[in-house]
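Q: I have a structure I would like to understand better, so I am pasting it below and will then ask my questions one at a time.
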Amino acid sequence: MWFIVISILLLFASILPYMPLTHWFYRFFEFGKIQILILQITALIFSFILIDEYDVWIRILQVLTLINIIGHLVTLSKYTSFHKSVQKEPCDISSEIITVLSANVFQENKEYEQFIALINKYNPDIFLTMESDKNWEKALSVLDNKYIYSVKVALDNTYGMHLYSKLKITNHSVHYFVADDLPSIEAIIRTADNFEFTFFAVHPPPPSPTEEENSKERDGELLSIAKKIKQNADTCVVVGDFNNVAWAKSSILFRKTSETIDGRIGRGFISSFHTKYWFLRFPIDLMFHTSDVFIDELKSLEHFGSDHFPIYAKFFINKKTSEQEHLTENLEEGEHEIVQEIIIEGINEKSDNRN
Numbered sequence: 006m007w008f009i010v011i012s013i014l015l016l017f018a019s020i021l022p023y024m025p026l027t028h029w030f031y032r033f034f035e036f037g038k039i040q041i042l043i044l045q046i047t048a049l050i051f052s053f054i055l056i057d058e059y060d061v062w063i064r065i066l067q068v069l070t071l072i073n074i075i076g077h078l079v080t081l082s083k084y085t086s087f088h089k090s091v092q093k094e095p096c097d098i099s100s101e102i103i104t105v106l107s108a109n110v111f112q113e114n115k116e117y118e119q120f121i122a123l124i125n126k127y128n129p130d131i132f133l134t135m136e137s138d139k140n141w142e143k144a145l146s147v148l149d150n151k152y153i154y155s156v157k158v159a160l161d162n163t164y165g166m167h168l169y170s171k172l173k174i175t176n177h178s179v180h181y182f183v184a185d186d187l188p189s190i191e192a193i194i195r196t197a198d199n200f201e202f203t204f205f206a207v208h209p210p211p212p213s214p215t216e217e218e219n220s221k222e223r224d225g226e227l228l229s230i231a232k233k234i235k236q237n238a239d240t241c242v243v244v245g246d247f248n249n250v251a252w253a254k255s256s257i258l259f260r261k262t263s264e265t266i267d268g269r270i271g272r273g274f275i276s277s278f279h280t281k282y283w284f285l286r287f288p289i290d291l292m293f294h295t296s297d298v299f300i301d302e303l304k305s306l307e308h309f310g311s312d313h314f315p316i317y318a319k320f321f322i323n324k325k326t327s328e329q330e331h332l333t334e335n336l337e338e339g340e341h342e343i344v345q346e347i348i349i350e351g352i353n354e355k356s357d358n359r360n
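Counting with our numbering, you get residues 6 to 360 for the letters of the sequence shown.
Shown next as structure tokens:
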């Protein structure tokens, strides 16, 4: 009996994310694909060990569970080290190594010194903070002499954002694609060896019972940024707290629309949230990049008081190779219309909430 109940619940949890519904309840199960897989494998193993007498329903559920496990494994396998990713060394026609640290600092977190120590330890060329308000901006001012270029958007609504760079920011824009209190940063950055790339910083709202009732604003924001990247048609790196997982439908549409590559492929899940609950930890701080950007290292760093682990990346630019072009995907027939509908829904959702 226990196996029947658990198996049915886990099968429903696996199916719910594929339903075309945006309510947070359905989107939540996208985040938990890894956990659902672990629970299904555990339940299936124990069903063979502990169940002495089988009936046809138990056999059917075992088969369905096994099929579901295989489906999860196929989806998740590309995010493991078993999946081969393109490995390339810098050369005389590539840029020098560029380092980036991205962190949702958690607005209520007051461990400013811990975060500053983290920056000093890893010494990134660029670092991005999310949920950073005026208090965080004031605390981080001790780094202004070291990071002479910056874009500061201090907000007290948990969507503040600060970008600091040792590399020259030649131009920048702060976008509000779906709401006037939800910023994203676009910065043109030039390296010391004269390579130029666009850096996008993102942090859309999550669908959850305590924040947004549905995923419309998140998905509209992400796909608006994806369209902007596609229009840019240049070297680009996108980092931030996506409040989404890489295998979710909206993340796949983001990747296809922007024609970028998921930096996690072949490098592991790199789960970043929540720092306190190891089993309920999801990979929602993501990195995407164009095919002329090659990731040398991508990992999470140590805890500094936030509910997110920071993400650290090393990469270089090589514009004269096509080795990664096969990893990009394009929107299929009909998906352009879907993307536009999602963007309009995201904009309308904010308007509806104001009325």
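Using N, Cα and C, we set each Cβ at its ideal position, and we do this for glycine too.
(1) Go to residue 17, then tell me how far its alpha helix (DSSP H) extends in each direction, as first and last residue.
(2) On the three-pair Cβ rule with 8 Å, is the stretch 37-46 touching the stretch 66-79?
(3) What did DSSP end up calling residue 79 once you bin it into helix, strand or coil?
(4) What is the DSSP secondary structure of residue 327, reduced to helix, strand or coil?
(5) I think residue 180 touches residue 134, with their Cβ atoms under 8 Å apart; what is that distance to the nearest whole Å?
(6) Going by the DSSP bridge assignment, what does residue 352 pair with across the sheet?
(7) For residue 251, which of helix, strand or coil comes out of DSSP?
(8) Run through the DSSP bridge pairs and tell me what residue 168 is partnered with.
(9) What beta strand (DSSP E) runs, 3 residues minimum, are completely inside the stretch 210-273?
(10) In chain order, what residues of the same chain have a beta carbon less than 8 Å from the beta carbon of residue 218, not counting five sequence neighbours either side?
(11) The alpha helix (DSSP H) that contains residue 50, what's its start and end?
(12) From residue 52 to residue 141, what does the alpha carbon distance come to, in whole angstroms?
(13) Leaving out five residues on either side along the sequence, give the residues of the same chain with a beta carbon under 6 Å from the beta carbon of residue 177.
(14) Please say whether residue 268 and residue 234 have beta carbons closer to each other than 7 Å?
(15) For residue 313, which residues does DSSP report across the bridge?
(16) Compare the C-alpha of residue 190 against each of 143, 147, 246, 148 and name the closest.
(17) Between the stretch 78-87 and the stretch 269-284, are three or more C-beta pairs nearer than 8 Å?
(18) Tell me, to the nearest whole angstrom, how far the beta carbon of residue 69 is from that of residue 16; I am working on the premise that it is less than 8 Å.
(19) Check residue 286 in the structure and name its three-state DSSP category.
(20) If the criterion is Cβ atoms closer than 7 Å, does the pair residue 106 and residue 288 meet it?
(21) May I ask you to report which of helix, strand or coil DSSP gives residue 179?
(22) How many whole angstroms separate the CB atoms of residue 241 and residue 280, which I take to be in contact at a CB cut-off of 8 Å?
(23) Output needed for residue 237: all residues of its chain with C-beta closer than 7 Å, excluding positions within five of it in sequence on either side, in chain order.
(24) Within 7 Å (strictly less), CB to CB, does residue 272 reach chain B?
(25) Consult DSSP for residue 203 and reduce its assignment to one of helix, strand or coil.
(26) Could you tell me if residue 78 is buried or exposed, where buried requires 16 or more neighbouring beta carbons within 10 angstroms of its beta carbon?
(27) Taking the beta carbon of residue 359 as the centre, do at least 16 other beta carbons fall within 10 Å, making it buried, or is it exposed?
(28) How many whole angstroms separate the CB atoms of residue 347 and residue 225, which I take to be in contact at a CB cut-off of 8 Å?
(29) Considering only their Cβ atoms, is the gap separating residue 136 from residue 109 smaller than 7 Å?
(30) Tell me whether residue 357 sits in a helix, a strand or coil according to DSSP, three-state version.
(31) Work out the CA separation of residue 321 and residue 64 for me, nearest whole Å.
(32) Using DSSP's beta-bridge definition, name the partner residues of residue 189.
(33) As a quick exercise: from 149, 227, 37, 184, pick the residue whose alpha carbon is nearest that of residue 80.
(34) Give the DSSP-derived three-state secondary structure of residue 147 in the structure shown.
(35) Rounded to the nearest angstrom, how far is the Cβ of residue 330 from that of residue 93, given a contact under 8 Å?
A: On the basis of the supplied data:
(1) In the DSSP annotation of this structure, the continuous segment of the alpha helix (DSSP H) that includes residue 17 starts and ends at 7-20.
(2) When Cβ pairs closer than 8 Å are counted between the two stretches, the stretch 37-46 is seen to touch the stretch 66-79, the count reaching three or more.
(3) Three-state result, residue 79: helix.
(4) In the three-state scheme derived from DSSP, where H, G and I count as helix and E and B as strand, residue 327 is classed as coil.
(5) Contact flag wrong, Cβ pair sits at about 18 Å.
(6) Per DSSP, none; premise fails for residue 352.
(7) In the structure shown, residue 251 adopts coil according to DSSP, grouped into three states.
(8) Looking at the DSSP assignment, residue 168 forms a beta bridge with 133, 156.
(9) With a minimum length of 3 residues, the unbroken runs of beta strand (DSSP E) contained wholly in the stretch 210-273 fall at 241-246.
(10) Excluding residues up to 5 positions away in sequence, 28, 29, 212 lie with their Cβ nearer than 8 Å to the Cβ of residue 218 in the same chain.
(11) For residue 50, the enclosing alpha helix (DSSP H) starts and ends at 38-55.
(12) In a straight line, the C-alpha of residue 52 is about 52 Å away from that of residue 141.
(13) Around residue 177: 156, 192.
(14) Here residue 234 is not near residue 268, since their CB atoms are 7 Å or more apart.
(15) According to DSSP, residue 313 bridges with 278.
(16) Residue 246 is the option with its Cα nearest to residue 190.
(17) As far as the Cβ criterion goes, the stretch 78-87 touches the stretch 269-284, which means the pair count is three or higher.
(18) Indeed, because the Cβ distance is near 6 Å, the residues count as touching under 8 Å.
(19) The answer is coil: DSSP assigns residue 286 none of H, G, I, E or B.
(20) Cβ atoms of residue 106 and residue 288: not closer than 7 Å.
(21) The answer is strand: DSSP assigns residue 179 an E or B state.
(22) Actually they do not touch by this definition, with Cβ atoms about 29 Å apart.
(23) Within the same chain, Cβ atoms closer than 7 Å to the Cβ of residue 237 are found at 203, the five residues on either side in sequence being excluded.
(24) The structure shown contains no chain B; it is built from a single protein chain.
(25) Judged by DSSP in its simplified three-state form, residue 203 adopts strand.
(26) Exposed is the label assigned to residue 78, since fewer than 16 other Cβ atoms lie within 10 Å of its Cβ.
(27) For residue 359, the predicted model reports a pLDDT of 40, less than 50, meaning its position is unreliable; a value from the coordinates is still stated below. With fewer than 16 other Cβ atoms within 10 Å, it is exposed.
(28) The Cβ separation is near 6 Å, so the contact holds.
(29) Their beta carbons are under 7 Å apart, which means residue 109 touches residue 136 by this criterion.
(30) Per-residue confidence for residue 357 stands at a pLDDT of 49, beneath the threshold of 50, marking its modelled position as unreliable; the derived number appears in the next sentence. In the three-state reduction of the DSSP assignment, residue 357 falls in the helix class.
(31) Those two C-alpha atoms are separated by around 52 Å.
(32) 180, per the DSSP bridge assignment.
(33) When 149, 227, 37, 184 are compared, the shortest CA-CA separation from residue 80 is found for 37.
(34) Residue 147: helix per DSSP, three-state reduction.
(35) Actually they are not in contact, since the Cβ atoms of residue 330 and residue 93 sit about 13 Å apart, beyond 8 Å.
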